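Have a look at the structure below, then the notes.
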Amino acid sequence: MLESKVVELLNQQVNKELYSAYLYLDFSNFYYDQGLDGFGNWYKIQAQEERDHAMLFVQYLQNNGEKVVLETIDKPQVELTCAKTVLEEGLKHERYVTGLIHTIYDAAHAVKDFRTMQFLDWFVKEQGEEETNAEGLVKKYELFGDDPKSLYMLDSELGARTYSAPSLSL
Numbered sequence: 041m042l043e044s045k046v047v048e049l050l051n052q053q054v055n056k057e058l059y060s061a062y063l064y065l066d067f068s069n070f071y072y073d074q075g076l077d078g079f080g081n082w083y084k085i086q087a088q089e090e091r092d093h094a095m096l097f098v099q100y101l102q103n104n105g106e107k108v109v110l111e112t113i114d115k116p117q118v119e120l121t122c123a124k125t126v127l128e129e130g131l132k133h134e135r136y137v138t139g140l141i142h143t144i145y146d147a148a149h150a151v152k153d154f155r156t157m158q159f160l161d162w163f164v165k166e167q168g169e170e171e172t173n174a175e176g177l178v179k180k181y182e183l184f185g186d187d188p189k190s191l192y193m194l195d196s197e198l199g200a201r202t203y204s205a206p207s208l209s210l
């Protein structure tokens with residue numbers, strides 16, 4: 041049985057991951073509306089990944105005999121004004137999620153819940169990759185976004201991204 045504070049934080053993370061999926065789907069829709077289908081594709085895949093992350097937390101709770109508590113998922117409140125701002129908001133959100141994962145890890149560490157810490161190790165690594173990818177998108181947009189030909193090439197590159205489900209054994 042897991043400690044109650046750890047269970048509470050894990051359940052909150054389910055909701056935060058589902059919110060992330062909503063947020064990135066909103067980003068995807070913004071880019072599709074702008075005619076940047078590659079950017080739209082990239083964030084649609086991000087939304088799928090976040091949904092899968094939520095399901096990993098659900099499965100972990102269930103595997104440990106804990107009740108999964110689903111909460112209302114808030115509507116994204118980020119104002120999407122331009123392509124670069126959306127990318128910056130994505131980076132900001134990934135940094136926020138990293139902080140959430142660290143908070144759960146700290147709570148698990150405080151009660152010597154090594155199983156949960158081991159489970160979270162994958163997410164710690166994943167968040168490092170997510171932040172790196174988000175930073176890279178911002179940098180590429182800063183370099184190429186103002187040039188239509190370069191933006192077209194970047195959009196094409198992002199359109200080639202394909203989805204692959206996470207491989208985390210619980």
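Under my numbering, the first residue of the sequence shown is numbered 41, with each subsequent residue one higher.
Idealized CB from N, CA, C, for every residue including glycine.
Values in this document were obtained by computation on a predicted structure and should not be read as measured data.
- When the Cα atoms are used, L49 and F184 turn out to be separated by approximately 40 Å.
- In the structure shown, N173 falls within a helical segment according to DSSP collapsed to helix, strand and coil.
- Burial state of D114 is exposed, judged by a 10 Å Cβ sphere holding fewer than 16 other Cβ atoms.
- Residue range A123 to A150 is occupied by the alpha helix (DSSP H) that includes L131.
- The three-state secondary structure of V178, taken from DSSP, is helix.
- Secondary structure at G80: helix, using DSSP grouped into helix, strand and coil.
- Between E57 and E106, the C-beta spacing is not below 8 Å.
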